[in-house]
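Each remark here refers to the structure printed beneath this line.
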Amino acid sequence: MQTQTHTTTDRHGYSLRFSPFEANYLLLATSQLYGLAGGGSLFLLEQNSNTNSSSTDGQSLGELCRLEWSDGLFDVAWCPYAADIAATASGDGSLQIWCGLDGESASNQLTPKQPLICLQEHKNEVYSLDWGEKWNYHTLLSASWDCTLKLWDCNRQNSITTFVGHNDLIYGAKFSPLIANLFASVSTDGHLNLWNSLDFAGKPLMSIEAHASEALSCDWSHFDRNVLVTGGSDGLIRGWDLRKMRTHVFELYSGEFAVRRLACSPHSSAVLASANYDFTTRIWNLERGESAQEVNARHTEFVCGLDWNPHRTHQLADCGWDSLANVYTPQCLSGELVV
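First residue of the sequence shown? That's 29 in my numbering, and the numbers climb one at a time after it.
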C-alpha cells in the first residue's frame, strides 16, 4: 500500500480536506500545542504525481504554501464554487475565508497571507464548519463550543441565523448532500439534532439521544438520502434512518476510545471510515459485517482528520496530533469496484 505523508513540525493536525476541483490538492488545518494554546497553520499540500506507483515506500506530500493564524485552526472546508478559496474555523471563535489556494498562486508566492474575510460572533472555539450544499453555495455553517450553530452568508459580515438546541459543546455539523436545507449536529450532550437552515427561529426539527456519552462526529451517506452516522466517546458508530429515528439501524464497535471523525465514502454506499482516539483509522464495509475490514495504526497520537478524495476511488487521507498527514488507498479497498 503506497502512502504519501507530510509532517507539520510543532503543528498538530485537526482536519484535512481534498479539493473538490483538483485531485492532487488537499488542505490541512493544524494547531500549535495540541490546540490548547498558541497559533494555527493552514497548509496547501500536493500529492506526488506518481500516484500509480506500486511501491509501498512512503513519499512526501509537497507543501505548496502555509498560512498562519493567531489561534488554533480546528476545521477547514473548500469553497464549492471557487477552486482557490477555503474557510477555516478557529479557537478564538472566528471563521476565516482565504483565497489564492491554488498551485499557480502558491508557486508564484501570490497567495495572500491574510484572510479575505474574518467572521466573528461565536464566544468560544469553533470546532466544525461546512460550506453550504449545492442549493446554497454561498452559505457557511459553523458549530461552536459556545453551544450554538450559526449560518453565514459569505457576502455579509454578520450571521443570518443562530441555532440553539444543544446543552453542551458542539463538535460537528454537516449539511445533507442530498436534501436541501437540512443539516445535522452532534454535541457532548450526546444528542443528534436535525435542523432546517431556512428556519430562522433557530430551533431543531428533531433531537434524539444518539449516544449515552459524548457525540463527537457525524456524516451523511452520499447514496441514501435518509441515512447518516454518528460517532461517540463510547467507541460506538451508529447509523440512523430519517424514516425511523426512534433507534439506530446499525451499530459498530470501534474500541474503548472515542470516535473523533467519520467519513462516508463517496465511492461505495457500504463503506465508511472512522478516525479514532486509539491512534487508528478504521475502514468499515456494512455489507461485510460489523467488524472493521482494516485497522491502520500509522499514527502515534489521536487521529482527528479524515477525508475521501472525490476524484480517486477509495483514496483516503487522515491526520493527527502526531503532526503527520497520510494519503493512501486502504488495502481492503484496493481491488474494489465502485458500488
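Even for Gly, the Cβ is constructed at its ideal location relative to N, Cα and C.
How many angstroms separate the CA atom of residue i from the CA atom of residue j?
i	j	result
V299	F102	25 angstroms
G66	G363	43 angstroms
W180	L54	24 angstroms
W159	S77	28 angstroms
W248	N183	27 angstroms
Y62	E279	30 angstroms
P108	T167	10 angstroms
G283	T190	35 angstroms
V366	S296	Bear in mind that the predicted position of V366 carries a pLDDT of just 47, short of 50, making it unreliable; the figure below should be weighed with that in mind. About 6 angstroms.
Y42	T275	31 angstroms
A345	A171	23 angstroms
N313	N136	43 angstroms
W336	S293	6 angstroms
E149	K202	19 angstroms
G260	H250	21 angstroms
A212	L157	12 angstroms
A353	I311	17 angstroms
C175	S235	14 angstroms
T341	S204	21 angstroms
D85	A134	Confidence in D85 is poor, its pLDDT being 49 and thus under 50, which makes the residue's placement unreliable; the coordinate value appears in the next sentence. Taking the straight line joining both Cα atoms gives about 27 angstroms.
Are the CB atoms of residue j and residue i within a distance shorter than 9 angstroms?
i	j	result
L89	Q75	yes
I198	Y155	yes
L95	S118	no
D306	T328	no
G333	L44	yes
V277	S245	no
L169	K178	yes
L210	N224	yes
Y281	N324	no
G193	E153	no
G348	H40	yes
Excluding the 5 residues preceding and the 5 following residue i in the sequence, name in chain order all residues of the same chain whose CB lies nearer than 7 angstroms to its CB.
i	result
E237	G218, H219
D130	A111, D112
F285	G263, N304, Y305, D306
L138	G128
E315	A298
Q87	Q32, N76
Use the C-beta contact count for residue i: other C-beta atoms within 10 angstroms, 16 or more gives buried, fewer gives exposed.
i	result
G317	exposed
Q343	buried
L233	exposed
F228	exposed
R271	exposed
V214	buried
P140	exposed
T37	exposed
V331	buried
A115	buried
A240	exposed
Q32	buried
S385	Since the first and last residues shown for the chain are 29 and 367, residue 385 lies out of range.
S187	buried
S302	buried
S47	buried
Near residue i, what residues of its chain come up, given a Cβ to Cβ distance below 6 angstroms and the 5 sequence neighbours on each side ignored?
i	result
Q185	none
G100	S59, G63, G68, G119
F49	A111
If you measure from the beta carbon of residue i to each beta carbon in chain B, is any gap under 9 angstroms?
i	result
T139	In the structure shown, chain B cannot be found, because there is only a single protein chain.
Go through its chain and collect everything with a Cβ distance to residue i's Cβ below 8 angstroms, but skip five positions before and after it.
i	result
N254	D269, L270, R271
Beta strand (DSSP E) runs wholly inside the stretch 87-148, at least 3 long, in chain order: 90-97, 101-106, 114-118, 122-126, 145-148
Threshold first: 3 residues or longer. Then list the beta strand (DSSP E) segments lying entirely within the stretch 174-212, N to C. 176-181, 187-192, 198-203
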